[in-house]
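> Residue numbering for the sequence shown follows the numbering used here, beginning at 253 and increasing consecutively.
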Amino acid sequence: MAERVQQPPAKRLCCRPGYGATCRQGQRAAGAPCGSSAATQGESSRTQSPESLLDIAARKVAEKWPFQRVEERFERIPEPVQRRIVYWSFPRSEREICMYSSFNTGGEEIGSSGESSDETRLPFRRGIALLESGCVDNVLQVGFHLSGTVREPATSSEPELVCNVSVSFDRCKITAVTCSCGNKDIFYCAHVVALSLYRVRKPEQVKLRLPISETLFQMNRDQLQKFVQYLITVHHTEVLPTAQKLADEILSQNSEINQVHGAPDPTAGASVDDENCWHLDEEQVQEQVKLFLSQGGYHGSGKQLNLLFSKVREMLKMRDSNGARMLTLITEQFMGDPRLALWRQQGTAMTDKYRQLWDELGALWMCIVLNPHCKPEQKAFWLRQLRRWNSVDVCPLEDGNHGSELTNLTNALPQGPAGNPDSLTRPHRTVFTRAIEACDLHWQDPHLQHIITEDHYINYCYHDNLDSSLFDTRGWPLWHEHVPTACARVDALRSHGYPKEALRLAIAIVNTLRRQQQKQLELFRAHKKELLNRGMTSVTNLEGWVGHPLDPIGTLFSTLMETGRGSEEGTLLDFSGSLGSGRWTEHPVFPAQRFLEDGESFLLLAVETALIGLGQQRVMPDGLYAQEKVCRNEEQLLAKLQEIDLNDTLVKIFRKQAVLLLEAGPYSGLGEILYRESVPMHTFAKFLFTSLLPHDADLAYRIALRAMRLPVLESTNPSGDLSRPHHIVSVVPNRYPRWFTLSHIETQQCELASTMLTAAKGDARKLETVLESIQKNIHSSSHIFKLAQDAFKIATLIDSLPDLTLLKVSLELGLQVMRMTLSTLNWRRREMVRWLVTCATEVGVFALDSIMQNWFTLFTPTEATSVVASTVMSNSTIVRLHLDCHQQENLANSARTLALQCAMKDPQNCALSALTLCEKDHIAFETAYQIVLDAAATGMNYTQLFTIARYMEHRAYPMRAYKLATLAMTHLNLSYNQDTHPAINDVLWACALSHSLGKNELAAVIPLVVKSVKCATVLSDILRRCTLTTPGMVPLHSRRNSGKLMSLDKAPLRQLLDATIGAYINTTHSRLTHISPRHYSEFIEFLSKARETFLMAHDGHIQFTQFIDNLKQIYKGKKKLMMLVRERFG
253 MAERVQQPPA KRLCCRPGYG ATCRQGQRAA GAPCGSSAAT QGESSRTQSP
303 ESLLDIAARK VAEKWPFQRV EERFERIPEP VQRRIVYWSF PRSEREICMY
353 SSFNTGGEEI GSSGESSDET RLPFRRGIAL LESGCVDNVL QVGFHLSGTV
403 REPATSSEPE LVCNVSVSFD RCKITAVTCS CGNKDIFYCA HVVALSLYRV
453 RKPEQVKLRL PISETLFQMN RDQLQKFVQY LITVHHTEVL PTAQKLADEI
503 LSQNSEINQV HGAPDPTAGA SVDDENCWHL DEEQVQEQVK LFLSQGGYHG
553 SGKQLNLLFS KVREMLKMRD SNGARMLTLI TEQFMGDPRL ALWRQQGTAM
603 TDKYRQLWDE LGALWMCIVL NPHCKPEQKA FWLRQLRRWN SVDVCPLEDG
653 NHGSELTNLT NALPQGPAGN PDSLTRPHRT VFTRAIEACD LHWQDPHLQH
703 IITEDHYINY CYHDNLDSSL FDTRGWPLWH EHVPTACARV DALRSHGYPK
753 EALRLAIAIV NTLRRQQQKQ LELFRAHKKE LLNRGMTSVT NLEGWVGHPL
803 DPIGTLFSTL METGRGSEEG TLLDFSGSLG SGRWTEHPVF PAQRFLEDGE
853 SFLLLAVETA LIGLGQQRVM PDGLYAQEKV CRNEEQLLAK LQEIDLNDTL
903 VKIFRKQAVL LLEAGPYSGL GEILYRESVP MHTFAKFLFT SLLPHDADLA
953 YRIALRAMRL PVLESTNPSG DLSRPHHIVS VVPNRYPRWF TLSHIETQQC
1003 ELASTMLTAA KGDARKLETV LESIQKNIHS SSHIFKLAQD AFKIATLIDS
1053 LPDLTLLKVS LELGLQVMRM TLSTLNWRRR EMVRWLVTCA TEVGVFALDS
1103 IMQNWFTLFT PTEATSVVAS TVMSNSTIVR LHLDCHQQEN LANSARTLAL
1153 QCAMKDPQNC ALSALTLCEK DHIAFETAYQ IVLDAAATGM NYTQLFTIAR
1203 YMEHRAYPMR AYKLATLAMT HLNLSYNQDT HPAINDVLWA CALSHSLGKN
1253 ELAAVIPLVV KSVKCATVLS DILRRCTLTT PGMVPLHSRR NSGKLMSLDK
1303 APLRQLLDAT IGAYINTTHS RLTHISPRHY SEFIEFLSKA RETFLMAHDG
1353 HIQFTQFIDN LKQIYKGKKK LMMLVRERFG
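So this is what it looks like as structure tokens:
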């Protein structure tokens, strides 16, 4: 708490009754002067005798009455009575002091500045340490004002600090604090804590004086003058200007100060009009919240804000009026957050953690307005406040980003004035809408009053069997109200410190839910045949309980679980707030246990409530945040359930609810009738499956298999008569694009299936059933592939023999993935294909043979040849399968057949693989080669043909390589400037191959080269290679090498030489068209290479000279370049 050094102003004016101008100064109007002795204080605490009537009365008056009312009521108050009232007016419980000096009264906490998570650094703990180490001195209580000094011992980095502390109090509440330490924080500093605890723990050691005005009344004029002059002398630097100003005003007859009867006294206690509440520094609360919001979730600010919300709940539980006051301050800062307008302007969503803070804000306001003992004027004030915030444009919506179009179901009971029909639909419900609606709720319903106040409210003679029955067949009370609203009442009772009342209402609500569940089951059974014949998809709850903004199931579960834990120990822990020492006290078990079945406990009731809520069929809400909240709340509730150890009694509850959920039709998410957009049950069913499996495997599988459904992804909708009984609400489908959490939902569906596969290992019948469910309900190839991989891992565990049945399931899932992804792009496709071959290998040779026989439904031709067939024919596969020679040959024949089929379907990509696979079978190899030749004319490009040609040369088929190379040359075209084209090496290789085969082959390929290649440098390279060696260096078909170099003046090299010279001439003119000075030197080098080629002809010198002269004439404008040409070539 930020403490200000200035003393707070006096709250009221004080004067003695009957004191006026006619009364002699220095005397009391009645009675004797007050004694100054403190001998009477604290006497009762030193003895063991019964408490005196004076102390009992003084304590009660000190708790409830402002001291001004006491003075007005009684003309004369004896000094001993005043002393005891003043004595008992200071707080006696340490809990409130702890609450106002730390975030929580227990557990791990951190300071509001986030400096340290060490509990010893909390102001409350530090205050205790200062008190226990004797650092509190000079403690004096003057009336309703406590002062003292607190010494902070020196440390290695800080010198000793002495703080002047003062505390004002009224009716057992600290109303103002000041400390010279200058600490700026929401909560009291350690020095205030130390002084306050000193007064609580050692009241007898505190000097107690009556209010200063009482002391002044005992002085005569001389004493008063002496008192004032001494006071001014001691503090002349601080008070002299003020003293002179007051003296001037008092001496002035017409001054304002003389028009007022009496004078202020800061020690005289509160006036009648003063609000009686603990000191809360509003400015610091606002500053801290603004700081946390500005940090945007960094530096632990989100945790700090949550701790502030926890502090509000703690105040509410203590019935401290500052709870609502503090929440108002927090809300104002939240509404003023500049990010709200920015996000609205940009159309972006707020962060998830920030969104959760707003949810908590709305829930807290719901608790506050539902306070069963709040005054009408308080509720009216809060309603005005909430409506003002609600009307602001940037006020966040309840469902995140989208306006909800749900009917206002909050006022299920006819409470308050009837609303107009237009108010039934609220297209934009903000986080405050529910709190505003809750302002219309009251607690005056007689049945509700009986439920929450009586432990024996039973009516055994009540046999009304209507849906709105007030009692069930056992005579136990029921409470029919919109479930989230009813549970909000429970939360409000808990939050405001009424745990017994909250428990009674929670039990009534749960019994109502159980009765409704039974009624719904009976109703469905009566109409089952009719409903199933219509093939309806319907939902009975537009507003689900799990993921609801008011968290009804979570509230019921927490209420019952807290009571259950206490009852297991035989006691319930409650905190005494206003009387006694403020320590933990024990209370007997709630008599509300009479509303439990034989052998039932609050723990069992909590579990059953959670199961009912989780199994409710409910529509998926709009908006990303609302949908994420459904998933998050479901997981949170399941996590709490998983902490509970299952015993036989709990297993019975699980069985009972599992059967009810399976048979409840459209009311259950696990029923036979499922609405297309109902929230899926995968996560819940997985929990039920694992819980029930050791106890009732058949029921576990029924639950899990039923939950595998995901109708929102089904492409067809059931048709038929859409008329429905009155109890079913129809909703138009076609909202699929708005399922923002679909990826998460599909993952949960996959995990449920994987859990079943794992459990079904070794059971062929169950594995087959699970496989059928997966193939029917899972629509994502990636998830099916994951399941296939999971099944494969489970089936091939190292420490056990392979499970062939599960391996076949894995293979079947893999085959489905292949079929699903065959015609779609999937970046994991190659991994999937390799995995499938591995899986088929584990299953056996028949599986490999099967996938090769049916390759066209599973693989692309490229995949079939490059991955499938290649893997099948590898040595590792043969070794793995332990095949004999006959089996190897059969498998190889299947692979070669597959390769030839693929080559015919896609020769461009499969021909080379087919040739490779068919190498060991002459007929198959020849067939593959013929396929290549047939496709070469139209279906293959030069790159593919060159690759196959090189392969043929490698396999020692040079003539076939030559033929394929010539075919490739016909598809090639190299322009004059493509001197780095990737096909250049292939052209050089083809020419070298032709040259090596002989003159005829070279003569045949050169015209193709001349036609396809226009690049001068490439042609000159080919020309030089052909002139360096004689053709036919490789003996072929008994032909002999002629041993003579080929002449450049005769065919075929003459044709190549002329083409090369022509290419140089054309390239030169092309380059000169757009040449820049920085390329001049490069151009000169190019001409040098051209000259070398020109000179290879017998008249090359003349041709080159003429060529240079023509350049000089044509490009004479490029003087600098031509000068360089002359210097190099003359």
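Ideal Cβ placement from N, Cα and C applies to all residues, glycine included.
At the level of alpha carbons, what is the spacing between Ser930 and Gly921?
7 Å
> Taking just the CA atoms, how far does Pro405 sit from Arg571?
37 Å
> Measuring CA to CA, which of Val742, Val1095, Glu706 is closest to Pro1054?
Val1095
> Taking the beta carbon of Ser1333 as the centre, do at least 16 other beta carbons fall within 10 Å, making it buried, or is it exposed?
exposed
> In the DSSP output, which residue or residues are listed as bridge partners for Phe723?
Pro729, per the DSSP bridge assignment.
> I need the DSSP call for Glu404, collapsed to helix, strand or coil.
Strand at Glu404.
> Note down the Cα distance separating Ala273 from Ile502, rounded to an integer number of angstroms.
Low per-residue confidence applies at Ala273: pLDDT is 35, beneath 50, and the placement is therefore not dependable enough to give any value.
> Quick check on Ala1303: does DSSP put it in helix, strand or coil?
coil
> Starting from the N-terminal side, write out each stretch of the alpha helix (DSSP H) that is 4 residues or longer and does not extend beyond the stretch 729 to 797.
735 to 747, 751 to 786
> Quick check: what's the CA-CA separation for Pro698 versus Trp731?
12 Å
> Just the Cα atoms here: how many angstroms apart are Val491 and Ile484?
6 Å
> Confirm, please, whether the CB-CB distance from Val1261 to Val1239 is below 8 Å.
yes
> In the DSSP assignment, what residue or residues form a beta bridge with Phe421?
Ile426
> At 3 residues or longer, and completely inside the stretch 461 to 548: list those beta strand (DSSP E) runs for me, N to C.
none
> Let me make sure I understand the geometry here. Which of Gln1160, Ile1103, Ala956, Leu1219 has the alpha-carbon closest to that of Thr1149?
Ile1103
> Could you give the distance in angstroms between the alpha-carbon of Arg1380 and the alpha-carbon of Ile1236?
Between Arg1380 and Ile1236, the C-alpha separation is close to 30 Å.
> Give the C-beta separation of Ala1220 and Phe1198 to the nearest angstrom, bearing in mind that I take them to be a contact with Cβ-Cβ under 8 Å.
5 Å
> In terms of alpha-carbon separation, which member of Leu848, Leu1143, Gly379 lies closest to Leu1169?
By alpha-carbon distance to Leu1169, the top candidate from Leu848, Leu1143, Gly379 is Leu1143.
> So what's Asn1229 in DSSP terms, helix, strand or just coil?
coil
> In whole angstroms, give me the CA-to-CA distance for Gln1140 and Leu1133.
10 Å
> Identify which residue in Pro343, Arg377, Ser345, Ser341 has its Cα closest to the Cα of Phe355.
Arg377
> Quick one: what's Gln393 bridged to in DSSP?
Leu398, Leu460
> Tell me the DSSP secondary structure of Asn416 in three-state form.
strand
> What does DSSP give as the partner residue(s) for Cys431 in the beta ladder?
Paired residues: Val417.
> Using only the alpha-carbon positions, how far apart do Ser833 and Pro590 sit?
Low confidence applies here, because Ser833 scores a pLDDT of 34, under 50, leaving its location unreliable and the question unanswered by this model.
> Span of the alpha helix (DSSP H) holding Ile1130?
1127 to 1133
> List the endpoints of the continuous alpha helix (DSSP H) containing Tyr1181.
Run containing Tyr1181: 1174 to 1188, per the alpha helix (DSSP H) assignment.
> Grab the span of the alpha helix (DSSP H) containing His1206 for me, first residue to last.
1194 to 1206
> Indicate whether Ile688 and Arg639 have their beta-carbon atoms separated by less than 8 Å.
yes
> Who are the Cβ neighbours of Gly749 in its own chain at under 8 Å, not counting the five residues just before and after it?
Leu568, Lys569, Met570, Arg571, Gly829
> Give me, in chain order, the residues of the same chain whose beta-carbon lies closer than 6 Å to that of Arg767; leave out the 5 immediate sequence neighbours on both sides.
In its chain, beyond the 5 residues on either side, Asp724 have a beta carbon closer than 6 Å to the beta carbon of Arg767.
> So the alpha helix (DSSP H) Ala309 belongs to, where does it begin and stop?
305 to 316
> Is DSSP giving Val644 helix, strand or coil here?
coil
> When you compare the stretch 441 to 453 with the stretch 333 to 340, are there three or more beta-carbon pairs, one atom per stretch, that lie closer than 8 Å?
no
> For the stretch 596 to 639, which segments carrying the alpha helix (DSSP H) assignment without a break, of at least 4 residues, lie completely within its bounds, in sequence order?
604 to 621
> For Leu866 versus Glu886, is the C-beta distance shorter than 8 Å?
yes
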